[in-house]
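The sequence shown runs 1 to 461 under the working numbering.
By construction, the Cβ of each residue, glycine as well, lies at the ideal position given by its N, Cα and C atoms.
Here the structure is laid out as structure tokens; the discussion comes afterwards.
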Amino acid sequence: MEKVVSFYSRINRGDQMKKLLRSFFFLSLSLSAAILTAVSVFAQDVTRLGGDLTSYMPLFTALELPAPNIRSEEMFQYHLQGHTDFHGSFRGVLRDGKPILGPFFNHQACGACHVKDGRGPIEISRNSFGSAMLIKVALKGLNSDGSPRSIPGVGEQLQDHSLRFKTRYNISLAWKYLQGAYLDGTPYILRRPRLNYTIPDVDTSKVVSSLRMSPTVIGMGLLEAVPVETLEALSDPDDLDGDGISGEVSRVIDRATGLPAVGRFGFRASHPSVKQQSAAAFFNDMGMTNSIFGATESSLDVDPAVLERVTFYQQAASVPAAREQNDPDVQEGKNLFKLLNCQTCHVMTLRTGETEVQEVSNQEFHPFTDLLLHDMGAGLADKRREFTANGREWRTTPLWGLGLVRILLDHGSIGYMHDGRARTLEEAILWHGGEGARSRDGFKALNKTQREQLVRFLKSL
């Protein structure tokens, strides 16, 4: 069984350590108030990335802890239980005498892909435990409700690992390298994934696919609580203002009600809620039926209580504070971010409405996303459509947490973009095409110092 070692799994072993956790937690709350007072004189300060959910705890622990404004000791403990569910391995767990994992899966724990709630390594693993990257697949076209057409006997992604310790589909990942240069002559090298796989008894000429990496799970409850009216006001599908940006609201199906809904989660904003996103991951990533996906009268692998706890764990987790916001280079990087119009899609500030999750209600926060679909050009396109998103469209990825990537992932290669192709933030910017082309070209025109300042700002988030 894979050992998924986490902060909570260590502190839950004794009452003394639990008391220590509470001490750190309330110290963080006090520091939050003090730092807020100290920085309030600066215009549009983004230090409190998560509003009242912002934590000043050590970075990797802040991301896993309950938010400082957690409503009660009871919910504090409930959040701890959700952490255990999220990071614990499901290998060997039985329900009615049968394994609940698999029999086919990509990995055996939520936290095995989202390492310390961050990103997983860029690799397709052939070991028995699982892979943090996966391949979404579908037959060409869409179902009548707009969802991708699953491949019979396969599903909507290649579950390449099995309980029999065998890998499947002969997946291999290589890279094609592309050379370029900034306007000042500085060279750079980009890479594009080259993916190969086989699906027995399936004509792959009728299959479309999309390589995906595991994203950081930060501020999920805040993103969920942004009113639909806000997203619709940010959208401009016909580019009526002529700025070259035509973000669209993703229209999907709420599986709990069967009704149309606004998509927010996933690289193509295919799920409307944290609960549905989590349920889809249980089913597709771990082969575990639940109340939303794959359940039958005789088959329910995920206890509804577990799904609820995992959902709340993500909704009410802390958001680490931004750092070094008074540093001159960081401030100049923020100015360049605005000058290049990056904030048009990566919207700095949003506000939540009233919601059942008290911790995230009525919060001003700084995720650097509009949660909309944007055409990112041919360079990032694939042919796998999802609901109203075509193969060129991607949801604006939130930028909070960019500076934590290396801290959270202490082994393996890191990557950015939906498929991990970008090894650095500079490469991620250079891959922007379509609606992001103007900002990309502006970045290419900066001098070396300016480019470093912009990246310094991004890493401060």
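Pull up the DSSP beta-bridge partners for residue i, would you.
i: residue 250; result: 263
i: residue 356; result: In DSSP, residue 356 forms no bridge with anything.
i: residue 449; result: Its beta-bridge partners do not exist; DSSP assigns none.
i: residue 196; result: 172
i: residue 189; result: 179
i: residue 290; result: 294
i: residue 162; result: 104
Within its chain, find whatever has a CB closer than 7 Å to the CB of residue i; leave out the 5 residues flanking it on each side and keep chain order.
i: residue 26; result: Residue confidence for residue 26 is low, a pLDDT of 46 falling below 50, so the modelled location carries little weight; the figure read from the coordinates is stated next. Closer than 7 Å at the Cβ level, and outside the excluded window around residue 26, lies no residue.
i: residue 140; result: 206 and 208
i: residue 244; result: 435 and 438
i: residue 115; result: 408 and 409
i: residue 260; result: 251 and 253
i: residue 379; result: 431 and 433
i: residue 173; result: 124, 193 and 195
Whole angstroms are fine: how far does the CA of residue j sit from the CA of residue i?
i: residue 88; j: residue 305; result: 15 Å
i: residue 296; j: residue 51; result: 41 Å
i: residue 393; j: residue 155; result: 22 Å
i: residue 143; j: residue 292; result: 18 Å
i: residue 132; j: residue 158; result: 12 Å
i: residue 335; j: residue 262; result: 32 Å
i: residue 99; j: residue 317; result: 29 Å
i: residue 248; j: residue 395; result: 9 Å
i: residue 74; j: residue 65; result: 14 Å
i: residue 168; j: residue 120; result: 20 Å
i: residue 412; j: residue 420; result: 12 Å
i: residue 368; j: residue 343; result: 7 Å
i: residue 228; j: residue 276; result: 17 Å
i: residue 38; j: residue 58; result: Bear in mind that a pLDDT of 39 at residue 38, under 50, signals an unreliable position, so the model cannot answer this.
Can you name, in chain order, every residue of its own chain whose Cβ lies under 8 Å from the Cβ of residue i, other than the five neighbours on each side?
i: residue 436; result: 345, 374, 376 and 377
i: residue 290; result: 279, 282, 283, 300, 301, 302, 304 and 307
i: residue 90; result: 100, 101, 108, 109, 286 and 288
i: residue 327; result: 456 and 460
i: residue 70; result: 76, 79, 316 and 359
i: residue 150; result: 138, 139 and 156
Excluding the 5 residues preceding and the 5 following residue i in the sequence, name in chain order all residues of the same chain whose CB lies nearer than 6 Å to its CB.
i: residue 434; result: 375, 376 and 377
i: residue 324; result: 330 and 460
i: residue 366; result: 46, 49, 348 and 349
i: residue 322; result: 46, 47, 49, 460 and 461
i: residue 104; result: 159, 162 and 287
i: residue 474; result: Past the edges of the chain, shown from 1 to 461, lies residue 474, and the structure says nothing about it.
The beta strand (DSSP E) spanning residue i covers which residue range?
i: residue 275; result: Careful: residue 275 lies outside any beta strand (DSSP E), inside the alpha helix (DSSP H) at 274–286.
i: residue 393; result: 393–395
i: residue 228; result: Segment 228–234 is the alpha helix (DSSP H) holding residue 228; no beta strand (DSSP E) there.
i: residue 212; result: 207–212
i: residue 374; result: 373–375
i: residue 134; result: 134–142
In the DSSP assignment, the alpha helix (DSSP H) including residue i goes from what residue to what residue?
i: residue 429; result: 425–430
i: residue 306; result: 304–315
i: residue 336; result: 328–339
i: residue 221; result: 220–224
i: residue 83; result: 73–87
i: residue 533; result: The structure shown does not extend to residue 533, since the chain spans only 1 to 461, so no value can be given for it.
i: residue 342; result: Neither: residue 342 is in no alpha helix (DSSP H) and is coded neither H nor E.
i: residue 60; result: 59–64
i: residue 422; result: Run containing residue 422: none; DSSP gives neither H nor E here.
Between residue i and the ligand FMN, is there a pair consisting of the residue's CB and a ligand heavy atom that are separated by less than 7 Å?
i: residue 377; result: The ligand FMN is absent from the structure shown, which contains no ligand whatsoever.
Measuring CB atoms only, is the segment 344–362 touching the segment 205–212, in the sense that at least three cross pairs come out at less than 8 Å? No, the segment 344–362 does not touch the segment 205–212.
Would the segment 258–271 and the segment 380–389 be scored as touching if the rule is three or more Cβ pairs under 8 Å? Three or more Cβ pairs closer than 8 Å define a contact, and the segment 258–271 meets that threshold against the segment 380–389.
The segment 357–365 touching the segment 214–227, judged by at least three CB pairs closer than 8 Å: Taking 8 Å as the limit for Cβ pairs, the verdict is that the segment 214–227 does touch the segment 357–365.
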